[in-house]
Structures are given as C-alpha cells and as structure tokens.
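Chemist: Pasting a structure here, questions to come.
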Amino acid sequence: MRVLGIETSCDETGIAIYDTEQGLLSHVLYSQVKLHADYGGVVPELASRDHVRKTLPLIEQALRDANLTATDIDGIAYTAGPGLIGALLVGATIGRSLAFGWQKPAIGVHHMEGHLLAPMLEATRPEFPFIALLVSGGHTQLVQVNGIGEYELLGESVDDAAGEAFDKTAKLLGLDYPGGPRLAKLAEQGVAGRFIFPRPMTDKPGLNFSFSGLKTAAAIAIAENGNDLQTQADIALAFQDAVVDTLLIKCRRALEQTGLKRIVMAGGVSANVRLRAALAETMAELGGQVFYPRPEFCTDNGAMIAFAGAQRLAAGQHADPEVKVRPRWPLTELPPL
Ligand code: KG4
Ligand code: ZN
Numbered sequence: 001m002r003v004l005g006i007e008t009s010c011d012e013t014g015i016a017i018y019d020t021e022q023g024l025l026s027h028v029l030y031s032q033v034k035l036h037a038d039y040g041g042v043v044p045e046l047a048s049r050d051h052v053r054k055t056l057p058l059i060e061q062a063l064r065d066a067n068l069t070a071t072d073i074d075g076i077a078y079t080a081g082p083g084l085i086g087a088l089l090v091g092a093t094i095g096r097s098l099a100f101g102w103q104k105p106a107i108g109v110h111h112m113e114g115h116l117l118a119p120m121l122e123a124t125r126p127e128f129p130f131i132a133l134l135v136s137g138g139h140t141q142l143v144q145v146n147g148i149g150e151y152e153l154l155g156e157s158v159d160d161a162a163g164e165a166f167d168k169t170a171k172l173l174g175l176d177y178p179g180g181p182r183l184a185k186l187a188e189q190g191v192a193g194r195f196i197f198p199r200p201m202t203d204k205p206g207l208n209f210s211f212s213g214l215k216t217a218a219a220i221a222i223a224e225n226g227n228d229l230q231t232q233a234d235i236a237l238a239f240q241d242a243v244v245d246t247l248l249i250k251c252r253r254a255l256e257q258t259g260l261k262r263i264v265m266a267g268g269v270s271a272n273v274r275l276r277a278a279l280a281e282t283m284a285e286l287g288g289q290v291f292y293p294r295p296e297f298c299t300d301n302g303a304m305i306a307f308a309g310a311q312r313l314a315a316g317q318h319a320d321p322e323v324k325v326r327p328r329w330p331l332t333e334l335p336p337l
C-alpha cells in the first residue's frame, strides 16, 4: 500500500510517500525557520499561511521524485494533532480534499505517534514491547509501547518540555530561534564543571519531568557571571548536561520498573548528539538496545506521518470524510492497530 503523508502541525511542511512493501519512496521538507526568526518563535497565523503556499507544490514534488502520479497513491495520511490548530487545518483540509477527489481512504495521524514510530523507518527496527522516550518541542514523555496504538504513559513533563526548555534557555543566551540546535552547538565550546545545574525531580520517585527550573538556573548564572562568549558556552554545556542526565536517570528508572531492555528515542531533541551518545552508552552498559531515527527524521517530517498512517490504513482503519483536527490529543486515546 502506497501512502502520501502530510505533516503541517507546526513550522515545517513535510510530505512523503511510504510504500508498505518498498519502504520510503520520497520525502521533501520545507522549513519555515526564516519566516519566524524575526519574531523569536513560531507565529501561528504566518505558519498556517505558509503551509497553504507550500503543501500542494511539495506534494507534486514528492510524486515527481518517486516517479509516481496521483493514481499510484492508495491512501492519504495527514497530521490531525496535536499542534497549532490553523496549521493542522491546512494539512487536514488538503489531505481530505485529495482523498475525496482521488476516492482513496484517508486517516488523521497523531503527531507524537509519528515521532514514536519514526525509528521504524530505519533498517534495524525495534521489536515490541519497548520504552519510548519522546522529546520534542511540545512534549516530554516516557511511554511503554506494547504495539502500535498500545501506549501506556509512564511519565511526562509537568511544565516545559525538554525542547521548550532548550529553546527558552537559548533565548536567554541571546541565541536565535530555533534555539535547541544552536545551544547544542555553543555547548561544544563549553568547559565542564564551571556550572552545575540541578537534575530536577530525580530525588523523588516517579517518572515525571520538570525542566522549567533549569532556565531559571541559567538566568541566575547569566546574571551573576556576565554574558561573555565563554560564560555562555559554559552555561549551555551545564544546561545540556543537566537535561541529558535527567532524561537518562528517568530512562534507567523506566527500564528497571518495566523490566524492558529496549528503548526508542524520538522527537526533535533526539537529534541532540550528546543525548544520542549518552543513551547509547547507558544501554550498552545495561546490555540493552537503543533505537533512534536518523537526525533528519528526529525533527518534524512527512516520512513519519506517511509511515504511521500507512500502518493504520493497511490495517483497514480510516477516518470519516470530515475535516477534524485535535490541537490537544492524548496519545493514550489512540486505538490499537
Ligand atoms: O519534534 P520537533 O521537531 O517539533 C515538535 O513536535 O515540537 O521538536 C522541535 C524541538 C525544538 O524545541 C528544538 O529546539 C529541539 O527540538 N531540537 C533540539 C535539537 N534539534 C532540535 N534540541 C537540542 N539539541 C538539538 N540538536
Ligand atoms: Zn514534532
């Protein structure tokens, strides 16, 4: 089954074609970073309007890249939530309209399920059950995954998500949006040990996270030590180490609690080189396995939506022919495959 995937939940227009037999046939991405840079963050209305401009041309390009035409497509998958309502509505409306015109089934995909399944686009796929650490701009969650749609939430952030904390701390350091990857780059120049930030909520039992205090720790360090380049790099490193360490402590705890030996990491922050290396080291030490997507499929993309949608469409699931999106949508409400 050949599925067209459409991702428009935030500030990237991602389109891909996934074939359940042949794998990923094409994928294209347009990032709106330049559009929002002057504002220091995503402006929802500008995001929606840009998705309107980009989605159809990118669908045409994805078809061309795969040497296919519309008649070769068997189903359509669009991100239906969570995300920005206007941005979601653009992808959902286009996806639904094409499905109506082409007379093909369509399904609204949960954005975080897309992230969660993205490691399955790679050659070595994790077997169920496994633990998933989802670290994006809007979510930080530890999930026990027993199968597609069989998700048990073990813990989540009670305030800022990991990516959000990266972005806010980057802003304090004077870095441009999107701050996460820039902060990670700056941390490469940092000297370890000059600043040590707390590992929030690790002294209490449980698997929830709280990252908002770390940006306060960074703000205090800036206020007390000035804002020269070396200080900025040292703070960036201390912040990144604190986030990485905290995530690892909770991952170990989740593995211990469930007795599982496999972990999947996905979402924008899983592109972080230090976090990838640290999780790999931990899993090697524990004799377990770790899976993550290639860096370009960690952040938002159409491939993960085409993949997740293809699994559900191939199993006979599809949505009613109405444009319905859910800006807030708990992952645990998804039906099993
Ligand atoms: O998954 P994603 O692309 O969008 C959401 O679903 O939110 O995640 C974006 C988040 C942003 O907060 C961004 O700063 C962060 O992922 N991010 C990173 C890195 N690359 C992206 N954070 C730390 N290090 C990175 N290399
Ligand atoms: Zn995302």
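If you count by our numbering, then the sequence shown holds residues 1 to 337, one letter each, in order. Positions of the beta carbon are idealized from the N, C-alpha and C atoms, including for glycine.
Just checking G91 against the ligand ZN - is the residue's beta carbon closer than 7 Å to any of the ligand's heavy atoms?
Modeler: The answer is no for G91.
Chemist: Which residues in the same chain have their Cβ closer than 7 Å to the Cβ of F100, if we skip the five residues on either side of it in sequence?
Modeler: Closer than 7 Å at Cβ, skipping near neighbours: P321.
Chemist: Would you mind listing the beta strand (DSSP E) stretches within the stretch 133 to 192 that are 3+ residues and don't spill past its ends, in chain order?
Modeler: You should have 140 to 147, 150 to 156.
Chemist: Does the distance between the C-beta of D300 and the nearest non-hydrogen atom of the ligand KG4 fall short of 7 Å?
Modeler: Under cutoff, so the answer is yes.
Chemist: Could you have a look at M201 and say whether DSSP puts it in helix, strand or coil?
Modeler: Residue state, collapsed to three classes: coil.
Chemist: Relative to the ligand KG4, is the shortest distance from any of its heavy atoms to the C-beta of A242 smaller than 7 Å?
Modeler: No, the Cβ of A242 stays beyond 7 Å of every heavy atom of the ligand KG4.
Chemist: Consider the Cβ of G213: report whether some Cβ of chain D lies at a distance smaller than 8 Å.
Modeler: The structure shown contains no chain D, having only a single protein chain.
Chemist: Excluding the five sequence neighbours on either side, which residues of its own chain have a C-beta within less than 6 Å of the C-beta of G95, listed in chain order?
Modeler: Correct list, in chain order: I6, I76, Y78, A106.
Chemist: Kindly indicate which residue of V325, W329, A303 has the alpha-carbon position closest to the one of L117.
Modeler: Comparing Cα positions, the closest option is A303.
Chemist: What I want to know is whether the C-beta of S270 ends up closer than 7 Å to one or more non-hydrogen atoms of the ligand ZN.
Modeler: S270: no, Cβ never under 7 Å from the ligand ZN.
Chemist: Pull up the distance between the alpha-carbon of E150 and that of E45, whole angstroms please.
Modeler: The alpha-carbon atoms of E150 and E45 are separated by roughly 34 Å.
Chemist: Tell me whether G179, by its Cβ, gets closer than 7 Å to a heavy atom of the ligand ZN.
Modeler: For the ligand ZN, not one heavy atom lies less than 7 Å from the Cβ of G179.
Chemist: Just to check my reading of the structure: S26 and D65 have Cβ atoms closer than 8 Å, yes? What is that Cβ distance to the nearest angstrom?
Modeler: That belief holds up - the Cβ atoms of S26 and D65 are roughly 4 Å apart, short of 8 Å.
Chemist: Return the residue from the list I85, A254, A70, H111 that minimises the CA-CA distance to S97.
Modeler: Taking only the C-alpha atoms, the option nearest S97 is A70.
Chemist: Is the beta carbon of L237 sitting closer than 8 Å to the one on L275?
Modeler: Against a cut-off of 8 Å, the Cβ pair of L275 and L237 comes out as no contact.
Chemist: Spatial neighbours of G213 within its chain, please: C-beta separation below 6 Å, excluding the five flanking residues on both sides.
Modeler: Within the same chain, G213 has close Cβ partners P200.
Chemist: Report all residues from its chain with a CB closer than 7 Å to the CB of H318; omit the five preceding and five following residues, and keep chain order.
Modeler: Contacts found: P105, A106, I107.
Chemist: Report yes if the C-beta of D203 is less than 7 Å from at least one heavy atom of the ligand KG4; otherwise report no.
Modeler: For the ligand KG4, not one heavy atom lies less than 7 Å from the Cβ of D203.
Chemist: Rounded to a whole number of angstroms, what is the C-alpha to C-alpha distance between S368 and E285?
Modeler: Any question about residue 368 goes unanswered here, given that the chain covers just 1 to 337.
Chemist: Taking the DSSP output, what are the residues bridged to H51?
Modeler: DSSP lists no partner for H51.
Chemist: Are at least three pairs of beta-carbons, each pair with one atom in the stretch 6 to 17 and one in the stretch 142 to 159, less than 8 Å apart?
Modeler: The stretch 6 to 17, when compared against the stretch 142 to 159, does not touch it at the 8 Å Cβ threshold.
Chemist: Specify the secondary structure class of Q289 as computed by DSSP and reduced to three states.
Modeler: DSSP places Q289 in strand when its eight states are reduced to three.
Chemist: Helix, strand or coil: how does DSSP classify G267 here?
Modeler: Note: G267 maps to coil in three-state DSSP.
Chemist: In the structure shown, what three-state DSSP assignment does S26 receive?
Modeler: S26 falls in the strand class under three-state DSSP.
Chemist: Pull up the CB-CB distance for A254 and L334, whole angstroms please, since I reckon it's below 8 Å.
Modeler: Actually they do not touch by this definition, with Cβ atoms about 20 Å apart.
Chemist: Would you kindly work out how many angstroms separate the C-alpha atoms of P338 and G267, rounded to a whole number?
Modeler: Since the first residue of the chain shown is 1 and the last is 337, residue 338 is not available in this structure.
Chemist: For F100, which three-state DSSP category applies?
Modeler: Three-state result, F100: helix.
Chemist: Identify the continuous alpha helix (DSSP H) that holds I222 and give its terminal residues.
Modeler: Unbroken alpha helix (DSSP H) run through I222: 212 to 225.
Chemist: Is the beta carbon of L121 sitting closer than 8 Å to the one on F291?
Modeler: Going by C-beta atoms, L121 is not nearer than 8 Å to F291.
Chemist: With DSSP run on the structure shown, which of helix, strand or coil describes G259?
Modeler: Note: G259 maps to coil in three-state DSSP.
Chemist: If we call anything under 8 Å between Cβ atoms a contact, is G309 one with V3?
Modeler: Contact: yes.
Chemist: Just how far apart, CA to CA, sit M283 and Q289?
Modeler: Spanning the two alpha carbons is a distance of roughly 6 Å.
Chemist: Is the CB-CB distance between L89 and V325 below 8 Å?
Modeler: Cβ atoms of L89 and V325: closer than 8 Å.
Chemist: What residue range does the beta strand (DSSP E) around V109 cover?
Modeler: Per DSSP, V109 belongs to the beta strand (DSSP E) from 106 to 110.
Chemist: If you reduce the DSSP assignment to three classes, tell me which class A77 lands in.
Modeler: DSSP places A77 in strand when its eight states are reduced to three.
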